[in-house]
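Quick notes on the structure that follows.
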């Protein structure tokens, strides 16, 4: 400062600029088409097994730090704490896509970090993952077959990617009887697998329907009936002749 006589005096003051930690971390969930998934009253998202879920994380910070924000994600923290993904210098938001192979409650976590290493609190999201039951394609109408003629048919079934290898497919070839004395009559596993090659020796005792059923690892089952018609074969007669000559009255 200079007065009117030209005398000068000066002073100084030190200003210490401290970093502000990022705050207000939050997570939203959407389906693969970008439609937001709404939470229920308990703040839980409801999704299906193997459904791709797009998570978006956001955080707030001072304007000069926003572009430097990085995000660390734990998509299934209760089942695998070591499985994390870091999205470096993502800025105002970060997005990951994840799907869940098992039904039940799952937890996703996210935390944002600025370029000085300060972090937000951890943001959590809860998901109730619902099992997707298997499905079976309807069977075409079959032509009648004869007694002892082999019926060859293959059941076609579907499920989500994580369940398809564990599906248990079975044929119940006599659904009128509970042959294993467990469950119901039409859930027996007389022939395992999707392929059936079977014949019935007697049309009178052959069933009019057989059952193809598929069960997933959560115990959910799909059932499809196949109508069968077994036709009786007429007996065939034969006469064996012995060369003669023959005499009248000879037996």
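Residue numbers (the numbering used here): 1141 to 1391.
Think of the CB as a built atom: it goes at the ideal place given N, C-alpha and C, for glycine as much as any other residue.
The segment 1243–1254 and the segment 1184–1200 touch, with no fewer than 3 CB-CB distances between them shorter than 8 Å. Residue environment: residue 1317 is assigned as exposed (fewer than 16 neighbouring CB atoms within 10 Å of its CB, all protein chains considered). When DSSP states are grouped into helix, strand and coil, residue 1304 belongs to the helix group. Within its own chain, the residues whose Cβ lies closer than 7 Å to the Cβ of residue 1172, once the five positions on either side in sequence are excluded, are 1192 and 1194, listed in chain order. Per DSSP, residue 1240 lies in no beta strand (DSSP E) segment and is marked neither H nor E. Apart from sequence neighbours up to five positions away, the residues of its chain that approach residue 1343 with a beta-carbon distance below 7 Å are 1287, 1370, 1371 and 1372, ordered along the chain.
Assignment of beta-bridge partners to residue 1265 by DSSP yields 1248. Taken in chain order, the unbroken stretches of beta strand (DSSP E) that lie wholly in the segment 1272–1356 and span 3 residues or more are 1291–1294, 1308–1312, 1335–1338 and 1349–1355.
The beta carbon of residue 1141 sits closer than 6 Å to those of 1149, all from its chain and outside the five residues before and after it, given in chain order.
Judged by their CB atoms, residue 1311 and residue 1350 are nearer to each other than the 8 Å cut-off. In summary, residue 1246 is buried, with 16 or more beta-carbon neighbours lying within 10 Å of its beta-carbon over all protein chains present.
Between the segment 1350–1369 and the segment 1286–1306, the count of C-beta pairs closer than 8 Å reaches three or more; the two stretches touch.
Counting along the chain, residue 1149 sits inside no beta strand (DSSP E), nor does DSSP assign it H or E at all. Taking a contact to require three or more Cβ pairs closer than 8 Å, the segment 1170–1187 and the segment 1206–1218 do not qualify as touching.
By the Cβ-count criterion, residue 1178 is exposed, with fewer than 16 other Cβ atoms from all chains shown falling within 10 Å of its own Cβ.
Residue 1258 places its beta carbon less than 8 Å from that of residue 1161.
Per the coordinates, the alpha-carbon of residue 1242 lies some 8 Å from the alpha-carbon of residue 1270. Residue 1280 counts as exposed, since fewer than 16 other C-beta atoms from the protein chains shown sit within 10 angstroms of its C-beta. Taking the CA atoms as reference points, residue 1289 sits about 37 Å from residue 1358.
Measuring C-alpha to C-alpha distances from residue 1266 to each of 1240, 1273 and 1278 identifies 1240 as the nearest.
One alpha carbon belongs to residue 1326, the other to residue 1315, and they sit about 4 Å apart. The C-alpha of residue 1223 is placed about 17 Å away from the C-alpha of residue 1234.
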